[in-house]
Amino acid sequence: MEIDIAHHVKAIFDPFYKADISNWQAFASRLHERSFKKNEVIKESNTVEKYLNILIQGSVGLFIWNGKHEICLNLLYENDFFADYLSFLKQEKTVLSTIALEDSKVWSISYTDLNALYKSSISSVHIGRIAAETLYAKKQQEQINLLTLTPEERYLQLVSKHPRIIQRTSLKYIASYLGLTPESLSRLRKRVITA
Numbered sequence: 003m004e005i006d007i008a009h010h011v012k013a014i015f016d017p018f019y020k021a022d023i024s025n026w027q028a029f030a031s032r033l034h035e036r037s038f039k040k041n042e043v044i045k046e047s048n049t050v051e052k053y054l055n056i057l058i059q060g061s062v063g064l065f066i067w068n069g070k071h072e073i074c075l076n077l078l079y080e081n082d083f084f085a086d087y088l089s090f091l092k093q094e095k096t097v098l099s100t101i102a103l104e105d106s107k108v109w110s111i112s113y114t115d116l117n118a119l120y121k122s123s124i125s126s127v128h129i130g131r132i133a134a135e136t137l138y139a140k141k142q143q144e145q146i147n148l149l150t151l152t153p154e155e156r157y158l159q160l161v162s163k164h165p166r167i168i169q170r171t172s173l174k175y176i177a178s179y180l181g182l183t184p185e186s187l188s189r190l191r192k193r194v195i196t197a
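Residue numbering for the sequence shown follows the numbering used here, starting at 3 and increasing by one per position.
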């Protein structure tokens with residue numbers, strides 16, 4: 003089983019960093035599987051993030067409460083890395099929460115185990131760096147898109163990347179993630195469908 007996990011993780015990382023399978027076996031040996039039901043909180047607001055996760059099945063959202071309603075900062079699907087990364091790095095509380103949007107399965111590595119892995123080999127340090135860079139690059143691209151693309155372009159890009167997103171994710175979360183109201187998203191979807 004551990005070898006299967008190692009091959010799966012290697013396939014996820016290969017576009018960013020090609021490493022020998024033995025490195026992934028060491029990483030996989032530190033992963034443990036966690037399962038969450040739809041709407042189950044994975045990480046509470048105002049707590050410390052203890053895990054860096056790989057989403058194997060289902061979908062997850064990262065949220066922040068703005069005093070009136072939740073804002074969706076991130077939508078994640080199979081093979082995505084996720085964590086409240088600021089909290090994970092600093093081992094401090096943040097206001098972000100993480101919620102399973104579908105029944106979900108994740109492979110998680112704890113902060114303690116990841117740091118022990120870093121001490122075990124230089125290749126493990128590269129693996130950690132690639133995970134961090136991947137999380138950073140994805141978030142920065144999302145911020146650039148939010149500032150430079152129209153809502154319609156952002157929506158089309160999201161649907162192109164995740165063709166079944168409408169069936170899998172509540173429209174209120176998609177709208178929030180895109181920086182729209184649910185009503186604006188409904189109008190945009192009608193416009194795109196009839197175009």
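All residues carry an ideal CB built from backbone N, CA and C; glycine is no exception.
Three or more beta-carbon pairs separated by less than 8 angstroms are not found between the segment 144–159 and the segment 50–60, which leaves the two stretches without contact.
DSSP places N41 outside both helix and strand once states are collapsed to three, so it counts as coil. In this structure, the beta-carbon distance from R36 to Y53 falls below 9 angstroms. Per DSSP, G130 is one residue of the alpha helix (DSSP H) stretching across 124–150. Under the three-state reduction of DSSP, F15 is assigned to helix. When only Cα atoms are considered, A118 and I111 end up about 11 angstroms apart.
Three or more Cβ pairs closer than 8 angstroms define a contact, and the segment 92–106 falls short of that threshold against the segment 123–130. Residues of the same chain with a CB within less than 7 angstroms of the CB of V161, apart from the 5 flanking positions on each side, are I167 in chain order. When the five nearest sequence neighbours on each side are left out, the beta carbons in the same chain lying within less than 6 angstroms of the beta carbon of L137 are those of F83, Y87, in order along the chain. For D22, same chain residues with a beta-carbon under 8 angstroms away, outside a window of 5 residues either side, are S125 in chain order. Classified as exposed, R131 has fewer than 16 neighbouring CB atoms from the shown chains inside 10 Å of its CB.
DSSP places T49 within a strand segment (E or B) once states are collapsed to three.
Shown here, K174 sits in a helix according to DSSP, grouped into three states.
Only buried fits W109, as 16 or more other CB atoms lie within 10 angstroms of its CB. With 16 or more other Cβ atoms from the protein chains shown falling within 10 Å of its own Cβ, N25 counts as buried. Note on geometry: alpha-carbon atoms of K140 and F15 lie some 14 angstroms from one another. Nearest C-alpha to R193 among Q169, I176, Y157: Y157. With a contact defined as Cβ atoms closer than 8 angstroms, I44 and A133 miss out at about 18 angstroms.
In the DSSP assignment, A102 falls within the unbroken beta strand (DSSP E) covering 99–102.
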